[in-house]
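Take a look at the structure set out below.
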Amino acid sequence: MSQHILILAGDGIGPEIMAAAEKVLNRANEKFSLDLTWSHGLLGGSAIDAHGVPLPDVTLDAAKKADAVLLGAVGGPKWDNIERSIRPERGLLKIRSELNLFANLRPAILYPQLADASSLKPEIVAGLDILIVRELTGGIYFGQPRGIRVLENGEKQGYNTDVYAESEIKRIAKVAFNMATLRAKDGVAKVCSVDKANVLEVTELWKQTVTDLAAAEYPDVKLSHMYVDNAAMQLVRNPKQFDVIVTGNLFGDILSDEAAMLTGSIGMLPSASLDENGKGMYEPCHGSAPDIAGQDLANPLATILSVAMMLRYTFKQEAAAKAIETAVGVVLDQGLRTGDIMSAGMTKIGTQAMGEAVLKALG
Ligand code: IPM
Ligand code: MG
Numbered sequence: 004m005s006q007h008i009l010i011l012a013g014d015g016i017g018p019e020i021m022a023a024a025e026k027v028l029n030r031a032n033e034k035f036s037l038d039l040t041w042s043h044g045l046l047g048g049s050a051i052d053a054h055g056v057p058l059p060d061v062t063l064d065a066a067k068k069a070d071a072v073l074l075g076a077v078g079g080p081k082w083d084n085i086e087r088s089i090r091p092e093r094g095l096l097k098i099r100s101e102l103n104l105f106a107n108l109r110p111a112i113l114y115p116q117l118a119d120a121s122s123l124k125p126e127i128v129a130g131l132d133i134l135i136v137r138e139l140t141g142g143i144y145f146g147q148p149r150g151i152r153v154l155e156n157g158e159k160q161g162y163n164t165d166v167y168a169e170s171e172i173k174r175i176a177k178v179a180f181n182m183a184t185l186r187a188k189d190g191v192a193k194v195c196s197v198d199k200a201n202v203l204e205v206t207e208l209w210k211q212t213v214t215d216l217a218a219a220e221y222p223d224v225k226l227s228h229m230y231v232d233n234a235a236m237q238l239v240r241n242p243k244q245f246d247v248i249v250t251g252n253l254f255g256d257i258l259s260d261e262a263a264m265l266t267g268s269i270g271m272l273p274s275a276s277l278d279e280n281g282k283g284m285y286e287p288c289h290g291s292a293p294d295i296a297g298q299d300l301a302n303p304l305a306t307i308l309s310v311a312m313m314l315r316y317t318f319k320q321e322a323a324a325k326a327i328e329t330a331v332g333v334v335l336d337q338g339l340r341t342g343d344i345m346s347a348g349m350t351k352i353g354t355q356a357m358g359e360a361v362l363k364a365l366g
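For the sequence shown, the working numbering gives the first residue as 4, with consecutive numbering after it.
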């Protein structure tokens, strides 16, 4: 039976990068007889314009029915000043939460062809391949109470709540331990759990729960713990000490941007957000880049690589996933670059040409 994908191109550069990715998906679908079908929906600013809300019911229903969701990017200055509860980002947070996509996998891989793109010395980042496992549906992003209230003295006060239940910590730690086991190098599976247990009780429980789970069920995983401030520092000092990093929603948001930048090219990094059953939403790590939207300047490779991740994790089509990743490598070997990853001696091309080049390499 054919399986179905909901495509949400989103705002800004979203439609352009998605057009390129969709062509690659189409080619892979034919070439590997994947029997996938897809349809389109609105999320974020485009949905606000059409329906008045960033996640319309039709989109949510379609997303629930689909086997996977492929997302471009949402948001832009046009919607920055509308009421907080219906901003584009709220649509993204709601779809993550409604679909229970608690496990966010954010790889930071330095393509050897792009070693010059990093702001760090080549010896620090050469061969970098780490995976951040970010909890995505809990913590301070969703904790209640939250809001902005007026105090008795008339002053406004903003407040949020960071909460994690043991079950939420356990299920994300399991994902991290399983991923590390799959990735184990020289037989060693390595996980670093990042917290702020010296100050925040919520992460004191996080640390304890992760430790207990490792002892009970993953005795072979080499588990370490690091405070988030130190982790932020270690990521730029010696990033290759890490393999899998597991952390909560807010720390994961911050550290994954930092890790992405180590590779010099956030335009290259895909991500997967998975539920308990492997259903997922796949999206590039970068945002909607409204400043370059509609100019054929955006790098579509992160979205194309998100297609590969989708084929791998939700549809279990490893050969097709690998073929797309290999095609991206071929295009980089050919010296083709969008502006964000451009360096001396390479050939600068636009979004569409980059998509076409990947199609050609895919064959
Ligand atoms: C991300 C983004 C989102 C987040 C925003 C757009 C709500 O920064 O996916 O990392 O904070 O989760
Ligand atoms: Mg972020």
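Even for Gly, the Cβ is constructed at its ideal location relative to N, Cα and C.
Bear in mind the structure is a predicted one, so any value in this text is a computation, not a measurement.
Open item on the list: Tell me which residues share the same chain as A305 and place their Cβ nearer than 7 angstroms to its Cβ, disregarding the 5 neighbours each side in the sequence.
Closed with: Counting from 1 along the sequence shown, the entry for residue 305 is found at position 302. The residues are G270, M271, L272, P273, P287, C288 and H289.
TODO: In the DSSP assignment, find the unbroken alpha helix (DSSP H) run with K97 in it and report its ends.
DONE: Translated into the one-based positions of the sequence shown, residue 97 becomes position 94. It spans P91 to E101 - the alpha helix (DSSP H) in which K97 sits, taken as one unbroken run.
- [ ] Starting from the C-beta of G353, find all residues in its chain whose C-beta is less than 6 angstroms away, skip the five residues before and the five after it, and write them out in chain order.
- [x] Counting from 1 along the sequence shown, the entry for residue 353 is found at position 350. Cβ neighbours of G353 beyond the five flanking positions: D299.
Open item on the list: Taking only three categories from DSSP, how would you classify G44?
Closed with: The residue labelled residue 44 in the question sits at position 41 within the sequence shown. Here G44 sits in strand by DSSP.
- [ ] For the ligand IPM, list every residue whose C-beta falls under 5 angstroms from any of its heavy atoms, going in chain order.
- [x] E92 and D256
TODO: Could you check if L154 is buried or exposed, using at least 16 other CB atoms within 10 Å of its CB as the buried criterion?
DONE: Your numbering for residue 154 matches position 151 in the sequence shown. Flag for L154 reads exposed.
Open item on the list: Please report the distance separating the alpha-carbon of K26 from that of R315.
Closed with: Stepping through the sequence shown from its first residue, residue 26 is reached at position 23. Stepping through the sequence shown from its first residue, residue 315 is reached at position 312. Cα to Cα, K26 sits roughly 18 angstroms from R315.
Open item on the list: On the criterion of 16 or more Cβ atoms from any shown chain inside 10 Å, does Q244 qualify as buried, or is it exposed?
Closed with: Along the sequence shown, one-based indexing puts residue 244 at 241. Burial call: exposed.
Open item on the list: Checking the sheet assignment: what are the DSSP bridge partners for P287?
Closed with: If you number the sequence shown from 1, residue 287 lands on position 284. In DSSP, P287 forms a bridge with P273.
TODO: Can you tell me the Cβ-Cβ gap for L365 and A330, rounded? I've got them flagged as a contact below 8 angstroms.
DONE: Counting from 1 along the sequence shown, the entry for residue 365 is found at position 362. Counting from 1 along the sequence shown, the entry for residue 330 is found at position 327. Yes, L365 and A330 are in contact; Cβ-Cβ is about 4 angstroms, under 8 angstroms.
Task: Terminal residues of the beta strand (DSSP E) in which L208 lies - done: Reading the sequence shown from its first residue, position 205 is the one you call residue 208. Looking at the DSSP string, L208 is not in any beta strand (DSSP E); the run it does join, the alpha helix (DSSP H), is E204 to E220.
- [ ] Note down the Cα distance separating T373 from K282, rounded to an integer number of angstroms.
- [x] Summary: the structure shown does not reach residue 373, with the chain confined to residues 4 through 366, and so no result is reported for it.
TODO: Jot down the residue ranges of each uninterrupted alpha helix (DSSP H) in the segment 152-194, minimum 4 residues, whole runs only, in chain order.
DONE: 169-186
Open item on the list: Is it buried or exposed, V77, if we count other Cβ atoms within 10 angstroms and call 16 or more buried?
Closed with: Walking along the sequence shown from the start, residue 77 turns up at place 74. Buried, by the Cβ-count rule.
Task: the segment 110-121 in contact with the segment 141-148 per 3-pair CB rule at 8 angstroms - done: no
- [ ] Per DSSP, which residues does K351 bridge with? Please list them.
- [x] Walking along the sequence shown from the start, residue 351 turns up at place 348. BP columns for K351 point to R340.
TODO: With DSSP collapsed to three states, give me the class of Y316.
DONE: As a working mapping, residue 316 is identified with position 313 in the sequence shown. Residue state, collapsed to three classes: helix.
TODO: Look at V197 and F105 and say whether their C-beta atoms are less than 7 angstroms apart.
DONE: Counting from one through the sequence shown, the residue named residue 197 turns up at place 194. Counting from one through the sequence shown, the residue named residue 105 turns up at place 102. The answer is no: Cβ separation not under 7 angstroms.
Task: Endpoints, the alpha helix (DSSP H) within which R87 is located - done: Here residue 87 corresponds to residue number 84 of the sequence shown, with the count starting at 1. No alpha helix (DSSP H) holds R87; DSSP gives it neither H nor E.
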